[in-house]
Amino acid sequence: MTTFAITGVTGNFGRTAIKHLAQLVPANQIVALARNTAKAQEVVPEGVTVRAGDYTKPEELAESLKGVDRLLFISSQPGAPVSRETQHRNVVAAAQKAGVSFIAYTSFPHADTSTAPLADDHKLTEELIVKSGIAHSFLRNNWYLENEASTINAAKSGKDFVYSAGKGRAGWALEREYATAAAEVLATGDTAKEIYEFAGPARTYEDLAKATPGDFKVVAVTDAEYQAGLQSAGLDEGTAQLVTSFQTFIRQGVLDEETTDLQEVLGHELTPLTEAIKEL
Ligand SMILES: NC(=O)c1ccc[n+]([C@@H]2O[C@H](COP(=O)([O-])OP(=O)(O)OC[C@H]3O[C@@H](n4cnc5c(N)ncnc54)[C@H](OP(=O)(O)O)[C@@H]3O)[C@@H](O)[C@H]2O)c1
Numbered sequence: 006m007t008t009f010a011i012t013g014v015t016g017n018f019g020r021t022a023i024k025h026l027a028q029l030v031p032a033n034q035i036v037a038l039a040r041n042t043a044k045a046q047e048v049v050p051e052g053v054t055v056r057a058g059d060y061t062k063p064e065e066l067a068e069s070l071k072g073v074d075r076l077l078f079i080s081s082q083p084g085a086p087v088s089r090e091t092q093h094r095n096v097v098a099a100a101q102k103a104g105v106s107f108i109a110y111t112s113f114p115h116a117d118t119s120t121a122p123l124a125d126d127h128k129l130t131e132e133l134i135v136k137s138g139i140a141h142s143f144l145r146n147n148w149y150l151e152n153e154a155s156t157i158n159a160a161k162s163g164k165d166f167v168y169s170a171g172k173g174r175a176g177w178a179l180e181r182e183y184a185t186a187a188a189e190v191l192a193t194g195d196t197a198k199e200i201y202e203f204a205g206p207a208r209t210y211e212d213l214a215k216a217t218p219g220d221f222k223v224v225a226v227t228d229a230e231y232q233a234g235l236q237s238a239g240l241d242e243g244t245a246q247l248v249t250s251f252q253t254f255i256r257q258g259v260l261d262e263e264t265t266d267l268q269e270v271l272g273h274e275l276t277p278l279t280e281a282i283k284e285l
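Residues in the sequence shown are numbered consecutively from 6, following the working numbering.
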């Protein structure tokens with residue numbers, strides 16, 4: 006009997022992934038890992054076992070991964086008190102110690118060669134997984150459409166649609182589409198591909214604006230103006246800088262992708278952009 010586990014199940018990605026996995030394999034073969042087990046208990050499907058899984062606690066992780074064959078490791082967030090690098094080292098070491106035989110890891114587009122600073126932890130984590138000798142699939146997720154929710158929703162309410170990424174393109178898709186595909190890969194296991202570049206069709210911000218309903222102006226600005234706008238809307242300088250860096254790397258083509266990996270794994274076409282925007 007194969008035992009499956011998913012980390013970070015209290016997050017948006019984890020919740021969707023575990024719900025979908027429970028449709029693919031029996032719930033009593035699924036372990037849900039979370040740092041907040043009480044919260045996890047409320048969100049996991051019936052029959053799933055909840056265990057403690059804080060990325061900052063290596064012993065706890067190794068204990069909770071005992072008996073797990075296939076792990077969906079959902080990447081942590083940057084900027085936490087314990088670095089994402091350390092958190093990810095802990096998860097991979099714990100998986101190795103516990104004898105996990107397959108890891109699907111949510112990575113970054115072309116993590117091995119990407120020039121985006123955000124890719125650094127993902128590149129390192131992919132290397133750690135390769136070195137661990139554990140069979141793996143790297144789920145290199147492109148951009149969540151949800152990242153653009155504030156821009157799109159502002160425009161829907163009549164405010165300007167502001168961006169600084171120029172004609173740069175990104176492969177936006179809904180987070181639930183990436184998460185569903187992740188569960189599919191976990192259920193597939195060893196016969197899955199080693200690398201998936203998961204993305205929607207490459208589009209510009211102009212394309213997003215055209216698919217957004219409402220009466221608004223589309224305003225292309227510089228990165229400095231974009232950052233200043235975020236700060237005047239209340240973001241602190243560090244966060245505004247980080248969010249602006251996404252515009253910079255989209256302009257540089259870091260997320261420009263032509264792939265059908267996501268549709269192939271899902272077994273159907275992606276949600277059309279206008280519908281996806283309605284869903285936000
Ligand atoms: N490609 C993209 O566009 C994109 C965009 C955003 C994020 N991401 C990546 O995708 C991941 C999942 O996104 P999401 O929407 O699910 O984020 P989310 O809803 O904010 O959830 C983050 C999850 O990580 C958990 N977590 C944080 N620190 C942890 C720790 N030390 N130990 C164990 N669990 C920890 C959180 O647990 P709690 O519930 O206890 O806080 C939560 O379950 C992110 O972490 C990030 O790496 C990618």
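We put the CB at the ideal spot given by N, CA and C, even for glycine.
> Since K71 contacts A103 with CB under 8 Å, what's their CB separation in whole angstroms?
Replying inline: Position 66 of the sequence shown, counting from 1, holds the residue named residue 71. Position 98 of the sequence shown, counting from 1, holds the residue named residue 103. That pair is a contact at about 5 Å.
>> At a cut-off of 7 Å, would you count T15 as near ligand 1, judging by its Cβ distance to the nearest heavy atom?
In response: Residue numbering aside, residue 15 sits at position 10 when the sequence shown is read from its first letter. Yes, the beta carbon of T15 sits closer than 7 Å to at least one heavy atom of ligand 1.
> Cβ of D59 versus every heavy atom of ligand 1: is any distance shorter than 7 Å?
Replying inline: Sequence index remark: in the sequence shown, residue 59 carries index 54 (1-based). Between ligand 1 and D59, a heavy atom-to-CB distance of less than 7 Å is present.
>> I want to check one thing, is the minimum distance from the CB of R94 to the heavy atoms of ligand 1 below 7 Å?
In response: Along the sequence shown, read from residue 1 onward, the residue named residue 94 stands at position 89. Outside the cutoff, so no.
> Straight-line CA distance for T120 to A245?
Replying inline: Counted from its first residue, the sequence shown places residue 120 at position 115. Counted from its first residue, the sequence shown places residue 245 at position 240. If you draw a straight line from the Cα of T120 to the Cα of A245, it comes to about 20 Å.
> Over what stretch of residues does the beta strand (DSSP E) that includes N146 continue unbroken?
Replying inline: Position 141 of the sequence shown, counted from the first residue, corresponds to residue 146. Where N146 is concerned, the enclosing beta strand (DSSP E) stretches over A140 to N146.
> E180: beta carbon under 7 Å from a heavy atom of ligand 1?
Replying inline: Reading the sequence shown from its first residue, position 175 is the one you call residue 180. At least one heavy atom of ligand 1 is nearer than 7 Å to the Cβ of E180, so yes.
>> Considering only heavy atoms of ligand 3, does any lie closer than 7 Å to the CB of I108?
In response: You won't find ligand 3 in this model; what it holds is ligand 1.
>> Is A104 a contact residue of ligand 1, with contact defined as CB to any heavy atom under 7 Å?
In response: As a position in the sequence shown, residue 104 is number 99, starting the count at 1. This sequence places Gly at residue 104; Ala is not what is there. No, Cβ of G104 sits at least 7 Å from all heavy atoms of ligand 1.
>> Assuming F166 and A214 are in contact, meaning their beta carbons sit under 8 Å apart, how far apart are those beta carbons, in whole angstroms?
In response: Reading the sequence shown from its first residue, position 161 is the one you call residue 166. Reading the sequence shown from its first residue, position 209 is the one you call residue 214. The C-beta distance from F166 to A214 rounds to 5 Å, short enough to fall under 8 Å.
> Taking DSSP as the reference, what is the three-state secondary structure of E202?
Replying inline: Position 197 of the sequence shown, counted from the start, is the residue given in the question as residue 202. DSSP, read as helix, strand or coil, puts E202 in strand.
> Going by the C-beta, is R40 closer than 7 Å to any heavy atom of ligand 1?
Replying inline: Locating residue 40 in the sequence shown gives position 35, counting from the first residue. Closer than 7 Å to some heavy atom of ligand 1: that describes the Cβ of R40.
>> Does the beta-carbon of W152, which I'm using as the reference point, lie nearer than 7 Å to any heavy atom of ligand 1?
In response: The count along the sequence shown starts at 1 and reaches residue 152 at position 147. Correcting the residue type first, residue 152 is Asn in the shown sequence and not Trp. At least one heavy atom of ligand 1 lies closer than 7 Å to the C-beta of N152.
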